[in-house]
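Visitor:
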Amino acid sequence: MQNDDLLRIEHLKKYFPVRKGFLSSAGAGKKSDYVRAVDDISFTLKKREILGFVGESGCGKSTMSRTILRLIEPTGGRIIFKGTEVIGLSKRQFKPLRGKMQMIFQDPFGSLNPRRTVADTMRQTIRIHRLASNREEEASLIHRALEEVELKPAEQYWDKYPALLSGGQLQRVSIGRVLVLQPSFVIADEPISMLDVSVRIGILDLLLRMRDKFGISFIYITHDLVTARYICDRIAIMYLGKIVEIGPAENIVHQPQHPYTQALIAAVPDPDPTVEASQLPIKGYVPMTTAQDLQSCRFFPRCPYAENGCRAELPTMTEVGEGHFVACTKIASQTV
Amino acid sequence: MALLEIENLKVYFFTRKGPAKAVDGISFKVAGNETFGLIGESGCGKTTVAMAIMRFVKPPGRIVDGRVSFDGSDLVALNAEGIRGLRGKAISIIRQEAQNALNPVMSIGKQITEIILEHEKVSKDTAWARAKRQLSLVGISEQRVKDYPHEFSGGMKQRAMVAIATACQPRFLILDEPTTGLDVIVQRQLLESINELKTKLHLTSLLISHDLSVIAETCDRVAVMYAGKIVEEAQTVSLYKNPLHPYSKALIGAFPSLKGTKRKLKSIPGAPPLLIDPPAGCRFQPRCNYATQICTSVDPEIRERDGHRVACHLVE
Amino acid sequence: MTTFWEKFKDFLVTLLGNGMGRIGLILIGLIIIAALLAPFLGTVNPQKAGKAADILLAPSAQHWLGTDDLGRDVWSQVIFGSRISMTIGLVTALLTVVSGTLIGLIAGFYGGMVEEVLVRVVDFFMMLPVLPLMIILAAVLGPSLWNIIFVISVISWPTTARVVRSQVLSVKERPYVEASRCIGAGNVKLMLGEILPNVVPLMFAQAVLMITEAIYSEAVLSFLGLGDVTRISWGCMLHFAFESGVMATTPWWIGPPIGCIIMVIVGFSLLGTAISDVLNPGYREMKGI
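Residue numbers (my numbering), protein chains in the order written: chain A, 2 to 337; chain B, 28 to 343; chain C, 2 to 290.
#1: Should residue 129 of chain C be labelled buried (16 or more other beta-carbon atoms within 10 Å of its own) or exposed?
#2: For a cutoff of 8 Å on Cβ pairs, would you count residue 335 of chain A as touching chain C?
#3: Of all the alpha helix (DSSP H) runs that stay within the bounds of the region 19-86 of chain A, which reach a length of 4 or more residues?
#4: Any C-beta of chain A sitting closer than 8 Å to the C-beta of residue 290 of chain C?
#5: For the region 111-124 of chain A, which residues have a beta carbon sitting closer than 7 Å to at least one beta carbon of chain C?
#6: Cβ of residue 205 of chain B within 8 Å of Cβ of residue 119 of chain B?
#7: Could you list which residues in chain C have their beta carbon closer than 9 Å to that of residue 1 of chain A, in chain order?
#8: At the level of alpha carbons, what is the spacing between residue 224 of chain A and residue 199 of chain B?
#9: Within 10 angstroms of its Cβ, does residue 174 of chain C collect 16 or more other Cβ (buried), or is it exposed?
#10: Would you call residue 243 of chain B buried or exposed, if buried means 16 or more other Cβ atoms sit within 10 Å of its Cβ?
#11: Can you list, in chain order, the stretches of the beta strand (DSSP E) that have 3 or more residues and sit fully within the region 284-339 of chain B?
#12: Does residue 177 of chain C get closer than 8 Å to chain A when you measure Cβ to Cβ?
#13: Going by Cα to Cα distance, which pick from B:124, B:30 and B:84 is closest to residue 107 of chain B?
#14: Using only CA atoms, which one of A:121, A:65 and A:198 lies nearest to residue 69 of chain B?
#15: Is the beta carbon of residue 82 of chain B sitting closer than 8 Å to the one on residue 110 of chain B?
#16: Taking just the CA atoms, how far does residue 97 of chain C sit from residue 53 of chain A?
#17: Measuring straight from C-alpha to C-alpha, what distance separates residue 240 of chain C and residue 46 of chain C?
#18: Using the three-state DSSP reduction, which class does residue 1 of chain C fall into: helix, strand or coil?
#19: Can you name the start and end residues of the beta strand (DSSP E) that residue 219 of chain A belongs to?
#20: Tell me whether the region 40-48 of chain B and the region 320-334 of chain A touch, counting them as touching only if at least three CB pairs, one residue from each stretch, are closer than 8 Å.
#21: How about residue 132 of chain B: is its Cβ closer than 7 Å to a heavy atom in the ligand SAH?
#22: Beta carbon of residue 234 of chain C, beta carbon of residue 228 of chain C: below 8 Å?
#23: Would you list the residues sitting across from residue 187 of chain A in a DSSP beta bridge?
#24: When burial is assigned at 16 or more other CB atoms within 10 Å of the CB, is residue 62 of chain B buried or exposed?
#25: Take every Cβ of the region 119-131 of chain A, pair it with every Cβ of the region 81-91 of chain A, and state whether three or more of those distances are shorter than 8 Å.
#26: In this structure, does DSSP put residue 118 of chain B in helix, strand or coil?
#27: Spell out the partners DSSP gives residue 12 of chain C in its beta bridges.
#28: Measure the alpha-carbon distance for residue 220 of chain A versus residue 20 of chain C and round it to whole angstroms.
#29: What do you get for residue 53 of chain C, buried or exposed, if any count of 16 or more other CB atoms within 10 angstroms of its CB means buried?
#30: So is residue 174 of chain A in contact with chain B if we call contact Cβ pairs under 8 Å?
#31: Quick check: the Cα distance between residue 110 of chain C and residue 278 of chain C, rounded to an integer number of angstroms?
#32: Here's a check: name, in chain order, each residue in its chain whose Cβ is nearer than 7 Å to the Cβ of residue 320 of chain A, leaving out the five neighbours to either side.
#33: Whole angstroms is fine: what's the gap from residue 125 of chain A's alpha carbon to residue 90 of chain C's?
#34: Kindly list, in the order they appear in chain A, the residues whose Cβ is closer than 7 Å to that of residue 185 of chain C.
#35: To the nearest angstrom, report how far apart residue 123 of chain B and residue 235 of chain A are at their CA atoms.
#36: What residue from A:113, A:34 and A:167 has the CA that sits closest to residue 297 of chain B's CA?
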């Protein structure tokens with residue numbers, strides 16, 4: 002492992018059993034099948050890096066983010082943060098680490114307790130991790146955090162309840178709350194999709210500033226490849242619980258190798274009306290898989306280039322460029 | 028000849044604190060077979076315009092002034108029976124997250140035949156045959172005509188809504204944020220279906236969105252709305268290449284693209300004004316980088332320049 | 002930064018500004034004053050029987066609401082009866098809401114087997130027929146104030162538990178609870194800091210319901226003769242009136258207790274609704290304060 006690897010994820014799995022039978026709601030009953038939300042994911046996050054995860058709904062990106070932070074317990078795999086194995090730690094052992102691995106959520110209106118003022122919310126974080134020894138220190142930490150997220154003057158926002166703030170302002174409060182912990186990395190799960198267009202870029206620029214000024218790494222999760230390109234150094238494309246392609250952002254956008262990535266890019270409409278919409282190289286309408294296909298490429302049913310060999314084995318990652326990997330059986334055989 | 032002509036439309040919502048001027052003097056025309064776009068952020072009034080055309084505005088909202096001319100007759104002046112006869116038959120609407128508009132206990136086919144039988148005197152068999160055709164028009168297999176909404180995916184439900192809305196071959200279709208909430212591939216398939224349908228049925232449409240790229244892909248002309256007013260109106264290509272109003276410029280500047288090299292973007296500081304108490308003068312002035320003295324006191328009139336209609340003092 | 006007293010003062014002022022809150026406060030205020038100042042409100046010992054000549058007198062200067070069939074002053078009975086009603090109402094509500102909320106919180110928050118077991122217990126209690134059970138328990142345990150409180154509490158706590166559990170289940174899923182867990186809040190902190198505060202308005206609504214149900218239940222039990230005869234509650238007064246057989250000709254005897262029962266129930270209902278509304282964040286903006 003190299004020195005600037007902040008987080009290493011190895012073969013992470015989260016399977017949800019589909020149970021049937023009496024008292025199934027309490028956890029009993031027979032397991033009939035699994036929903037493989039996160040299905041063997043491996044990647045590394047470096048220091049000061051912004052890594053994007055792009056995929057459509059149901060691809061498992063949100064489940065993956067919660068599994069990494071142990072908000073949901075993983076079914077298998079390893080999570081290694083700064084050299085320490087995270088899975089298997091007790092709650093008490095994990096708590097100091099938890100402060101260093103944080104998350105910003107999608108819904109700015111739902112992420113803050115409506116009964117707490119802005120200052121109270123920040124205070125909660127400070128008190129849980131004992132970041133201040135007295136009220137003056139508390140106040141100064143809160144003040145600094147609010148100013149860092151551009152909620153100036155801080156006094157104007159101090160006593161406000163979330164009901165009085167706009168989406169963009171609420172998201173800044175959520176970012177400030179996380180900033181107070183001085184995290185090593187932050188998972189941003191669709192942080193701008195519920196915000197107005199004119200406000201989105203401001204929040205993305207704020208995240209970039211957090212990385213530049215404080216060295217915080219980000220895992221940026223989205224279904225929008227365009228904003229991922231704007232902010233990410235590297236992008237991983239997810240499909241049905243697996244990473245199908247990963248590489249530097251510009252490479253992914255300009256030289257996509259995996260057919261799914263190509264389809265995603267072709268599907269994105271361009272704000273320039275003179276740009277012709279390209280053909281959509283994909284079949285069918287819904288990502289889905291059946292129990293029999295566990296050993297085949299998950300994209301097989303929709304792939305325009307699929308061959309019978311694609312059904313026989315799980316594709317492995319092939320390097321097609323500097324730091325650029327693709328999981329495609331056909332590409333692997335061509336690169337030999 | 029314009030199929031739809033809106034003149035000085037005003038829709039106010041009367042609250043305890045005073046009237047919120049959601050739509051405050053909007054005028055535009057949509058020609059036959061044209062797709063006209065309305066772009067703006069949340070709260071700018073674009074959905075209220077759609078509701079006003081369909082006469083769906085409920086108290087405390089009211090159409091306070093203006094004309095909505097459809098094929099010559101004023102929809103605002105029409106009585107309840109008259110407008111009900113038009114809805115679904117001559118003018119139809121598809122709304123955001125239409126899956127919620129589907130009746131969960133009725134099959135999709137039944138929901139299509141329901142609207143056909145409501146407006147046209149045809150036999151049940153004819154109606155069902157047409158329902159099947161509608162489904163195939165939007166790319167859904169005809170065999171699914173007896174399926175229930177929960178058996179469809181999100182994108183398919185949206186397409187089913189298109190099938191229902193166009194069942195009586197309306198002349199005018201309003202699409203209010205039809206792709207919001209959909210994944211990008213599903214969105215593309217939906218837009219393709221709609222485009223095909225527009226050509227086959229000779230539809231004129233009004234597409235409302237906050238997403239410039241969706242508008243760019245579908246609309247011939249577009250009007251930019253801000254705080255209840257239209258600030259600029261032009262052909263889509265011309266607006267993109269040569270935006271004249273500062274808000275249009277800022278909005279276009281806020282949309283990143285996948286093509287070409289990455290460019291640095293700027294967000295617009297501040298927030299839209301409260302509609303109960305809009306600023307005197309130009310409503311965008313508090314957030315405008317180029318505002319001058321007159322912008323704070325006089326509300327700019329629409330003027331013509333380079334084929335655009337713009338409401339800005341800085342444009343002569 | 003505002004202190005607790007300033008916040009409380011603000012809350013009272015807002016409450017008085019709300020129409021329902023105003024009426025509720027007035028009605029309940031009157032009852033509370035009656036309960037607190039009972040000995041000073043022109044009353045005599047309500048159990049003191051009068052002379053034979055003083056039986057069933059209509060209202061007069063000496064007896065503001067007349068007398069009952071034992072010559073006892075009705076006005077005094079009504080005033081002192083308020084103490085019993087308030088005691089029963091408040092104590093029962095407290096016991097019910099506290100126990101119900103605790104069960105509901107634990108069941109809703111922890112889920113799994115714990116929830117299944119607790120839910121079945123609640124369901125069992127809800128299955129029991131209320132009135133017959135109350136009557137049997139009261140008859141078996143004997144007619145004392147505390148037995149009445151116990152009986153009503155046992156019947157009433159399941160409703161609160163169910164309602165609270167429902168609310169907990171929905172609040173548990175809200176993003177800010179997950180956000181707090183992500184920050185590092187432990188289970189207890191989450192329950193008390195995030196979920197409980199959002200359950201409090203519901204608890205108030207339940208408490209009010211419980212108060213009114215308790216007062217009403219007590220009136221019913223007392224009317225049936227199962228109440229505490231040594232303390233004359235409003236229900237007891239109606240019981241005596243019914244037993245005496247002269248109910249039809251003595252409106253001053255049955256009117257006041259009935260009127261007071263109605264007043265208390267209406268007053269608490271309005272007050273409870275108003276408090277629930279006012280405590281909602283965003284209420285002030287909506288009203289334009």
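For glycine and all other residues, C-beta sits at the position ideal for the given N, C-alpha and C. Since we're looking at a predicted model, the values are computed, not measured.
Guide: Result, derived from the coordinates:
#1: Exposed, by the Cβ-count rule.
#2: The beta carbon of residue 335 of chain A sits no closer than 8 Å to any beta carbon of chain C.
#3: DSSP runs (the alpha helix (DSSP H)) wholly in the region 19-86 of chain A: 62-69.
#4: Interpretation of residue 290 of chain C is limited by its pLDDT of 49, a score under 50 that renders its predicted location unreliable; the figure taken from the coordinates is listed afterwards. Interface flag for residue 290 of chain C against chain A is unset, since no Cβ pair is found closer than 8 Å.
#5: Taking 7 Å as the Cβ-Cβ cut-off, the region 111-124 of chain A approaches chain C at 111, 112, 113, 114, 115 and 116, given in chain order.
#6: In this structure, residue 119 of chain B does not lie closer than 8 Å to residue 205 of chain B by Cβ.
#7: Given a span of 2 to 337 for chain A in the structure shown, any question on residue 1 of chain A remains unanswerable.
#8: In a straight line, the C-alpha of residue 224 of chain A is about 32 Å away from that of residue 199 of chain B.
#9: Burial call: exposed.
#10: With 16 or more neighbouring CB atoms inside 10 Å of its own CB, residue 243 of chain B falls in the buried class.
#11: As far as the region 284-339 of chain B is concerned, its whole beta strand (DSSP E) runs of at least 3 residues are 330-332 and 335-337.
#12: By this cut-off, residue 177 of chain C is an interface position.
#13: Considering only alpha carbons, the answer is B:84.
#14: Looking at the Cα atoms, A:198 is the closest of the given residues.
#15: Yes, Cβ-Cβ distance for residue 82 of chain B and residue 110 of chain B is below 8 Å.
#16: Between residue 53 of chain A and residue 97 of chain C, the C-alpha separation is close to 52 Å.
#17: Cα to Cα, the separation comes out at about 19 Å.
#18: Chain C is shown from 2 up to 290; residue 1 of chain C falls before or after that span and cannot be answered.
#19: Where residue 219 of chain A is concerned, the enclosing beta strand (DSSP E) starts and stops at 218-223.
#20: As far as the Cβ criterion goes, the region 40-48 of chain B does not touch the region 320-334 of chain A, which means the pair count is below three.
#21: Questions concerning the ligand SAH fall outside what the structure shown contains, since it holds no ligand whatsoever.
#22: At the C-beta level, residue 234 of chain C and residue 228 of chain C come within 8 Å of one another.
#23: Paired residue(s): A:103 and A:219.
#24: Buried, by the Cβ-count rule.
#25: No contact exists between the region 119-131 of chain A and the region 81-91 of chain A.
#26: In the structure shown, residue 118 of chain B sits in a strand (DSSP, three-state: E or B).
#27: Residue pairing of residue 12 of chain C in beta bridges, as defined by DSSP: absent, with no partner found.
#28: Roughly 51 Å separates the two Cα atoms.
#29: Residue 53 of chain C comes out exposed.
#30: Judged by the 8 Å Cβ criterion, residue 174 of chain A is not in contact with chain B.
#31: CA-CA distance, residue 110 of chain C to residue 278 of chain C, rounds to 25 Å.
#32: Taken in chain order, the residues that qualify are 326.
#33: The alpha-carbon atoms of residue 125 of chain A and residue 90 of chain C are separated by roughly 37 Å.
#34: Here the neighbours are 96, 99, 100, 129 and 130.
#35: One C-alpha to the other measures close to 33 Å.
#36: Checked all of A:113, A:34 and A:167; the closest Cα to residue 297 of chain B is A:167.
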